[in-house]
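Those letters in the sequence shown? Residues 403 to 857, per the working numbering, in order.
Worksheet: the structure to be examined is printed underneath.
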Amino acid sequence: MKKGDRLEMQLVEHRFPGEVTAQATIDEKNIKMTLKEGLPGQRVLVEITGKRKRKYFGKIIEVLEEAPNQVPVDCPVFGRCGGCRYLNLNYKRQLSLKSEYVKKLIDEVTAEDYNFMPILPSPVQYHYRNKMEYTFGDQEKDGPLSLGFHEKGSIFNIVPAEACEIGDEDFNTIVAYTRHHFKNTPYYHRRNHRGILRNLVVRKGEHSGELMVLLVTTSQGDCDTTGWVEGLLNLKLKGRLRGILHTQNDTLGDVVLDEGTILLWGEAKMVDNIGDLQFDITPFSFFQTNTLGAEELYNVVRRLAGEEKRQNIFDLYCGTGTIAQIMADKAEHVWGIELVEAAVEAAQRNAQINGRTNCTFIVGDVLEKIETLDVIPDLVILDPPRDGIHSKAIFKILAFKPKDFIYVSCKATSLARDLPFFYHGGYRLKEVQCVDMFPHTSHVETVALLSRCKE
403 MKKGDRLEMQ
413 LVEHRFPGEV
423 TAQATIDEKN
433 IKMTLKEGLP
443 GQRVLVEITG
453 KRKRKYFGKI
463 IEVLEEAPNQ
473 VPVDCPVFGR
483 CGGCRYLNLN
493 YKRQLSLKSE
503 YVKKLIDEVT
513 AEDYNFMPIL
523 PSPVQYHYRN
533 KMEYTFGDQE
543 KDGPLSLGFH
553 EKGSIFNIVP
563 AEACEIGDED
573 FNTIVAYTRH
583 HFKNTPYYHR
593 RNHRGILRNL
603 VVRKGEHSGE
613 LMVLLVTTSQ
623 GDCDTTGWVE
633 GLLNLKLKGR
643 LRGILHTQND
653 TLGDVVLDEG
663 TILLWGEAKM
673 VDNIGDLQFD
683 ITPFSFFQTN
693 TLGAEELYNV
703 VRRLAGEEKR
713 QNIFDLYCGT
723 GTIAQIMADK
733 AEHVWGIELV
743 EAAVEAAQRN
753 AQINGRTNCT
763 FIVGDVLEKI
773 ETLDVIPDLV
783 ILDPPRDGIH
793 SKAIFKILAF
803 KPKDFIYVSC
813 KATSLARDLP
823 FFYHGGYRLK
833 EVQCVDMFPH
843 TSHVETVALL
853 SRCKE
């Protein structure tokens with residue numbers, strides 16, 4: 403076979419996250435290939451795109467026969483947008499895929515028995531995201547203005563997001579209006595670094611219904627923000643607008659940064675609740691993007707912490723202090739450490755709002771700041787970034803010898819890599835609970851309880 407050849411293949415096995423094994427028999431020879439699309443059970447027409455180290459690579463040209471677990475998809479850009487890999491897969495099967503994937507990773511590094519709980523589904527599977535970042539661009543070179551997401555496999559093409567099935571429905575209305583309003587305004591071209599429109603960020607409180615809209619542009623020219631604001635205020639939305647803002651960003655990277663933000667209308671914040679706690683959310687605040695899913699996640703953390711009241715709890719990599727405040731009634735004092743100063747300021751502000759007077763938040767790297775704490779924790783909660791915990795930090799954390807650790811992981815491979823450090827430090831895995839915070843994607847949250855072995 404050579405590049406450009408086409409053949410019928412049967413998709414036989416998931417390789418989570420995001421891949422599937424395809425096979426075919428040609429001249430009595432069994433051909434296997436890994437594809438980045440498709441579902442097991444589908445019969446597909448595949449075009450060979452290359453060969454490297456005796457491995458073939460290809461892409462699906464046509465689905466000839468659907469899979470048993472396949473479901474209809476309404477999204478017009480499914481397959482082109484890189485966001486919802488499993489939108490066409492039955493949700494029950496999505497959950498089992500994620501659960502099997504995490505258990506396999508943990509079993510590979512764990513010799514002793516532990517309790518692996520059934521995965522918790524997201525309370526809502528569609529329109530669950532309370533924040534979306536959209537990019538201005540076009541679907542093809544010199545095409546009309548588009549506002550949406552990067553096309554899968556492309557850093558330049560932008561597919562429209564006016565019918566997105568995971569963002570809040572109000573977001574689709576705002577995106578459609580914004581694209582139409584600015585249709586004659588040049589977008590920022592990543593190739594030549596010229597243009598005005600860069601991003602649109604929309605947030606909505608799941609419980610409050612409050613909306614915040616942020617337009618991101620370069621400083622290369624003006625755009626009609628006055629007319630845009632007037633139009634936004636006249637839209638028929640299920641929620642209510644709390645603030646409309648404009649920020650300028652001239653960095654070369656494709657990241658939304660605050661290089662100067664002005665308030666166009668309303669307030670520069672919105673509020674929402676998690677459980678009985680209220681949180682002020684600013685344009686650049688971190689807040690879990692699936693509020694109802696986050697409540698499930700934090701309930702797991704509370705359950706694993708048990709009923710006993712702790713003397714001191716450490717909340718490391720605490721972000722805006724959500725877990726610390728949720729756990730405040732279970733401890734005499736909670737200590738949070740977070741690298742990002744703005745996040746710590748938000749944590750302090752929200753703790754004051756919620757009357758969590760027994761929470762202290764410290765700005766700095768856990769690797770350095772952990773040594774400044776002169777209290778001994780009963781429980782340490784870890785909620786690190788996707789890459790997990792620095793090995794040197796793990797040794798410093800283990801030196802406190804708390805009774806229990808609760809590790810909240812958004813990347814199971816990082817959790818599996820870090821677990822052996824805890825085993826060698828005298829801890830054993832007691833329980834693992836997966837929570838599906840991001841339906842239709844390849845992401846899953848995992849919470850692990852580790853307890854100190856009896857000496």
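For every residue, glycine included, the Cβ atom is placed at its ideal position computed from N, Cα and C.
Would you kindly report the start and end of the unbroken alpha helix (DSSP H) that includes residue i?
i: TYR825; result: 814 to 826
i: ILE796; result: 793 to 800
i: GLN835; result: Premise fails: GLN835 lies in the beta strand (DSSP E), 829 to 837, not in any alpha helix (DSSP H).
i: ARG642; result: Taken as a continuous stretch (DSSP letters only), ARG642 belongs to no alpha helix (DSSP H), being part of the beta strand (DSSP E) at 642 to 650.
i: THR724; result: 724 to 728
i: GLN754; result: 743 to 755
i: LYS506; result: 493 to 509
Please report the residue range of the beta strand (DSSP E) in which residue i lies.
i: ASP767; result: Per DSSP, ASP767 belongs to no beta strand (DSSP E) and is neither H nor E.
i: ARG705; result: Run containing ARG705: none in the beta strand (DSSP E); it sits in the alpha helix (DSSP H), 693 to 707.
i: ASN675; result: 672 to 676
i: THR663; result: 663 to 668
i: THR436; result: 431 to 437
i: GLY452; result: 445 to 454
i: GLU377; result: No information on residue 377 is available, as it lies outside the stretch 403 to 857 that the chain covers here.
i: SER811; result: 806 to 811
i: LEU781; result: 781 to 784
i: HIS416; result: 408 to 417
i: LEU849; result: Checking the sequence, you will find Val at residue 849 rather than Leu. Here the beta strand (DSSP E) through VAL849 covers 847 to 854.
i: SER548; result: 547 to 552
Starting from the Cα of residue i, find the closest Cα among the options and give me that residue.
i: PRO822; options: VAL837, SER793 and VAL810; result: SER793
i: THR649; options: LYS638, SER548, ASP407 and PRO685; result: PRO685
i: ALA469; options: LEU441, HIS842 and VAL422; result: LEU441
i: HIS529; options: GLU567, GLU542 and ILE557; result: GLU567
i: HIS845; options: GLY695, ILE683 and GLU564; result: GLY695
i: GLU770; options: ASP820, TYR719 and LYS803; result: TYR719
i: ILE676; options: ASP820, TRP667 and PHE689; result: PHE689
i: ARG456; options: LYS434, VAL475, LEU643 and GLY641; result: LYS434
i: ARG854; options: THR848, GLU833 and LYS803; result: LYS803
i: GLU410; options: GLY757, ALA426, ASN490 and ILE598; result: ALA426
i: ILE808; options: LEU679, ALA424 and GLY708; result: GLY708
i: LEU413; options: ASN490, GLU632, THR436 and ASP570; result: THR436
Exposed or buried, residue i, counting other C-beta atoms within 10 Å across all chains shown (16 or more means buried)?
i: LYS606; result: buried
i: ASN432; result: exposed
i: LYS506; result: exposed
i: PRO841; result: buried
i: HIS416; result: buried
i: GLY655; result: exposed
i: VAL561; result: buried
i: CYS761; result: buried
i: ILE725; result: buried
i: ILE428; result: exposed
i: LEU665; result: exposed
i: SER621; result: exposed
i: THR843; result: buried
i: THR759; result: exposed
i: ASN651; result: buried
i: VAL657; result: exposed
i: ARG454; result: exposed
i: GLY723; result: buried
i: GLU612; result: buried
i: ASP785; result: buried
i: LYS858; result: Because the chain is modelled from 403 through 857, residue 858 falls outside the range shown and cannot be assessed.
i: GLU564; result: buried
Would you say residue i touches the ligand ATP, meaning its beta carbon is less than 6 Å from a heavy atom?
i: HIS792; result: No copy of the ligand ATP appears in this structure; indeed no ligand is present at all.
For this session: Determine, using beta-carbon pairs with one atom in the stretch 706 to 717 and one in the stretch 766 to 780, whether at least three such pairs fall under 8 Å.
Result: yes
For this session: Could you say if the stretch 824 to 843 and the stretch 513 to 529 meet the contact criterion of at least three C-beta pairs nearer than 8 Å?
Result: yes
Exercise. Is the stretch 809 to 829 touching the stretch 461 to 471, taking contact as three or more C-beta pairs under 8 Å?
Worked result: no
Exercise. Does the stretch 805 to 813 come close enough to the stretch 489 to 498 to have 3 or more Cβ pairs within less than 8 Å?
Worked result: no
Exercise. Unbroken beta strand (DSSP E) runs of length 3 or more, entirely within the stretch 582 to 655: which are they?
Worked result: 599 to 606, 612 to 619 and 642 to 650
For this session: Evaluate the contact criterion for the stretch 536 to 544 versus the stretch 442 to 459: three or more CB pairs, one atom per stretch, below 8 Å.
Result: no
Exercise. Touch check for the stretch 499 to 515 and the stretch 586 to 600: three-plus C-beta pairs under 8 Å?
Worked result: no
Problem set entry | contact_flag[the stretch 788 to 805, the stretch 666 to 673] where n(CB pairs < 8 Å) is 3 or more | no
Exercise. Should the stretch 635 to 646 be regarded as contacting the stretch 548 to 559, the criterion being three or more beta carbon pairs within less than 8 Å?
Worked result: no
Exercise. Is there contact here, the stretch 742 to 759 with the stretch 692 to 710, by at least three beta-carbon pairs under 8 Å?
Worked result: no
Exercise. Below 8 Å, can you find three or more Cβ-Cβ pairs linking the stretch 498 to 505 to the stretch 568 to 575?
Worked result: no
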